[in-house]
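Asks: My questions all concern the structure below.
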Amino acid sequence: FIQNRGRISKFAGRAEVGGKLVAEANFTAMIADPPEA
Numbered sequence: 020f021i022q023n024r025g026r027i028s029k030f031a032g033r034a035e036v037g038g039k040l041v042a043e044a045n046f047t048a049m050i051a052d053p054p055e056a
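Here the numbering used here runs 19 ahead of the position in the sequence shown, where the first position is 1.
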């Protein structure tokens with residue numbers, strides 16, 4: 020987690036292969052109530 024504010028969270032991730040950075044990502048997600056049936 021980079022930041023968490025109630026229902027909104029920010030994340031960061033890195034992937035390394037053999038010690039070399041091959042992928043990097045930053046994203047934000049919001050937790051929402053499931054739709055009512």
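Even for Gly, the Cβ is constructed at its ideal location relative to N, Cα and C.
1) Compare the Cα-Cα distances from isoleucine 27 to each of Ala34, Gly37, Phe46, Val41 and report the closest residue.
2) By Cβ distance below 6 Å, which residues in the same chain neighbour valine 41 in space, the five residues on each side in sequence not counted?
3) Using the Cα positions of glutamate 43 and isoleucine 21, report the straight-line distance between them to the nearest angstrom.
4) By the three-class DSSP mapping on this structure, what secondary structure does isoleucine 50 have?
5) Consult DSSP for arginine 33 and reduce its assignment to one of helix, strand or coil.
Replies: Short version:
1) Answer by Cα proximity: Phe46.
2) If we look at valine 41 and ignore the five residues flanking it on each side, its Cβ neighbours are Ala34.
3) Annotation: glutamate 43 to isoleucine 21 spans about 14 Å, alpha carbon to alpha carbon.
4) Isoleucine 50: coil per DSSP, three-state reduction.
5) It is a strand residue.
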